[in-house]
Structure formats: C-alpha cells, structure tokens
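K.L.:
The sequence shown: position 94 = 93 (numbering that gives the first Met the number 0), numbered continuously.
For glycine and all other residues, C-beta sits at the position ideal for the given N, C-alpha and C.
Pasting in a structure now, in structure tokens, and then I'll have a few things to ask.
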Amino acid sequence: MTTVEAPRVERRWPTVLRHVVLYGVAVLFLMPVYVLVVTALKNPADVSVTRMWELPGALSLHSFAVPLILFGIFLPYQAILIPLVQTMGAAGLRGGDDPTGGLRGLMLVHIIYGLPITTLIFRNYFVGLPASLVESAQVDGAGMLRTFVDIAIPLARPAFAVSIIWQFTSVWNDFLFGAVMTTRDAWPVTIALNNIAGGQSVPFDEAMAGALLACVPTVLVYVFLGRYFLRGLLAGALQN
0 MTTVEAPRVE
10 RRWPTVLRHV
20 VLYGVAVLFL
30 MPVYVLVVTA
40 LKNPADVSVT
50 RMWELPGALS
60 LHSFAVPLIL
70 FGIFLPYQAI
80 LIPLVQTMGA
90 AGLRGGDDPT
100 GGLRGLMLVH
110 IIYGLPITTL
120 IFRNYFVGLP
130 ASLVESAQVD
140 GAGMLRTFVD
150 IAIPLARPAF
160 AVSIIWQFTS
170 VWNDFLFGAV
180 MTTRDAWPVT
190 IALNNIAGGQ
200 SVPFDEAMAG
210 ALLACVPTVL
220 VYVFLGRYFL
230 RGLLAGALQN
C-alpha cells in the first residue's frame, strides 16, 4: 500500500503548489479592488493613505454623488438615438421639418451633450482656485457676483480653452448626429468626406485633399489654445 500511495502523494504536491501560487497571485491582483470598494464606502473624513486597509466604520454613499453625474457621460449616443429623433421631429427641428435642414436641431443636440462635461471642467477649475483670492475680494467689499466676474472668470482661461477644444472637436468630428438630424444640403463635413470615399471607385486625391482641409480647423484650435489645455485638464486635481 505504501509503495502505491507514495507516487500519488508526490504527484499531488505540484498541484497543491500550483494552486497556492495561483491563489496568491489572485489575492495580489484583487488587493486594489478591495481598496477601491472599501474607500468608496467610507466617509470623506476617514479616507487616508495610512488607513486605506481599514474597513469603514460607518457605510457612506456620499462619495457617489459626483460619479453618478459623470455616469451619464458613459451612455453611448446610440442609446438615446431613437427618442432623440422622435423628440426633434416632433419639435420640427430635424431634417426637412426644419427650414435650416436640421442645423438648429443639430446645434441644440451638441449644446445639450456638451453642457455636462464643460460644467464639470469649470467646476474642477474653480474649486482649485485659492480661497484667499475670494476672501481678499470680500474684504475689499466685492460681492459674490463681482468676485466671480472680476476674479474667477479672468483666471479661468485654461478651463475655457479645454472646453472650447473639447466641444469643437466633438462637434467637428461628429458623424452620427449629423447623419440622422440633417438633410443633404446641411450635412457636416464628416458625412461629405464619407461620401467622397464611399463609392465603388474612390478618388484618393479628392479624399485626401478633403481630409487635409477638414483637419486644418482642429489643428488651428490646438495650436492657439494648446498651451492652456494641460493646465485646464489638471485643474482641481491637486488641492491643499
């Protein structure tokens, strides 16, 4: 019996070691997930690098307020396409129902889609402004509106630059909304380029020339506003 069982025991050890290694690697890779879940359920006062392994003393959903607003950004355009077309058609802002060929409805759609992200860009920038500036203005007798107009807005050039670049790039590169909202005479440049290269015989010279011309406005926007772009993106990321 012993001579028969010994080889089985020897063969079992590699399997045990393999499972130990795999479980150890799994625990190692799941450690960030543990920290993620535990930190998300803590009160803001309990969040600390030195206490990140501790379980929350009391469960809190306070940290989910802003992320729930950001969650709307992850909804794909296709998810709201049918109700969007029906709503704009009923309002007379789509295609042939609109005297401008759907341009007014297309502009309204891009404004609505751009408001959440641009609002958050400005919010992050204004949160990062030193509180001493606001306090100094209040000491000088300026109200909240005067402080906002004379101090906050002039200092928000990076936020304006990021918002302009983001919104311009989104509108200029849009294909889906332009295809379903506008008529032939009001097509945006992306649809026109697609039609040039979408036939059986592609005129590559015309397609490349059109693509080059379509890139020029975006390049110019980045050239003139690029120095503010990174500053605006990092606004609010580092706070005292």
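Compute the distance between the beta-carbons of Ser62 and Ala39, then report whether it is under 7 Å.
P.N.:
Yes, these two residues count as a Cβ contact at 7 Å.
K.L.:
What residue from Leu128, Leu107, Ala158, Ala25 has the CA that sits closest to Met87's CA?
P.N.:
Met87 has its Cα closest to that of Leu107, out of Leu128, Leu107, Ala158, Ala25.
K.L.:
What is the DSSP secondary structure of Ser59, counted as helix, strand or coil?
P.N.:
Coil.
K.L.:
Compute the Euclidean distance between the alpha carbons of Phe163 and Val222, then round it to the nearest angstrom.
P.N.:
In the sequence as displayed, the identity of residue 163 is Ile instead of Phe. One C-alpha to the other measures close to 13 Å.
K.L.:
Inspect the beta-carbon positions of Gly101 and Thr182 and report whether they are closer than 7 Å.
P.N.:
For Gly101 and Thr182, yes; Cβs fall inside 7 Å.
K.L.:
For Ile79, tell me which candidate among Phe176, Val201, Tyr227 has the shortest Cα-Cα distance.
P.N.:
Among Phe176, Val201, Tyr227, the Cα nearest to that of Ile79 is on Phe176.
K.L.:
Quick check on the DSSP output: the alpha helix (DSSP H) that includes Val46 runs from which residue to which?
P.N.:
No alpha helix (DSSP H) holds Val46; DSSP gives it neither H nor E.
K.L.:
Check whether the segment 200 to 207 touches the segment 134 to 154, counting contact only when three or more Cβ pairs, one atom from each stretch, lie closer than 8 Å.
P.N.:
No, they do not touch.
K.L.:
Could you check the C-alpha separation between Phe242 and Ala130 for me, to the nearest Å?
P.N.:
Outside the shown range of the chain (0 to 239) lies residue 242, about which nothing can therefore be said.
K.L.:
So, helix, strand or coil for Trp186, using DSSP?
P.N.:
DSSP places Trp186 in coil when its eight states are reduced to three.
K.L.:
Taking the alpha-carbon of Ala89 as reference, which of Gly104, Tyr112, Phe167 has the nearest alpha-carbon?
P.N.:
Out of Gly104, Tyr112, Phe167, Gly104 has the C-alpha closest to the C-alpha of Ala89.
K.L.:
Excluding sequence positions up to five away, which residues of its chain have a Cβ less than 7 Å from the Cβ of Ala213?
P.N.:
Excluding sequence neighbours, Ala213 sits near Val188, Leu192.
K.L.:
Three or more beta-carbon pairs under 8 Å between the segment 147 to 157 and the segment 165 to 174, yes or no?
P.N.:
They do not touch, by the three-pair rule.
K.L.:
Around the Cβ of Val161, are there at least 16 other Cβ atoms within 10 angstroms (buried) or fewer (exposed)?
P.N.:
Buried, since its Cβ has 16 or more Cβ neighbours within 10 Å.
K.L.:
Could you give the first and the last residue of the continuous alpha helix (DSSP H) run that contains Val179?
P.N.:
Taken as a continuous stretch (DSSP letters only), the alpha helix (DSSP H) holding Val179 covers 175 to 180.
K.L.:
Would you decide whether Asn239 is buried or exposed? Buried here means 16 or more other CB atoms lie within 10 Å of its CB.
P.N.:
Summary for Asn239: the model assigns pLDDT 43, below 50, so the residue's position carries little reliability; its value from the coordinates is reported in the next sentence. It counts as exposed.
K.L.:
Closer than 7 Å by C-beta to Asn42: which residues in its own chain qualify, once you throw out the five before and the five after it? Chain order, please.
P.N.:
Cβ within range, chain order: Ala57, Ser59, His61.
K.L.:
Identify, in the order they occur along the chain, each residue of the same chain with its Cβ nearer than 7 Å to the Cβ of Ile190, setting aside the five sequence neighbours on each side.
P.N.:
Cβ neighbours of Ile190 beyond the five flanking positions: Phe174, Gly177, Ala178.
K.L.:
Need the endpoints of the alpha helix (DSSP H) that Val65 sits in, please.
P.N.:
Note, Val65: alpha helix (DSSP H), 64 to 69.
K.L.:
Hey, Ala206 and Ala196: beta-carbon distance below 7 Å or not?
P.N.:
Cβ distance < 7 Å, so Ala206 and Ala196 count as in contact.
K.L.:
Whose C-alpha, out of Val46, Tyr112, Leu21, Ala25, is nearest the C-alpha of Leu74?
P.N.:
Nearest C-alpha to Leu74: Tyr112.
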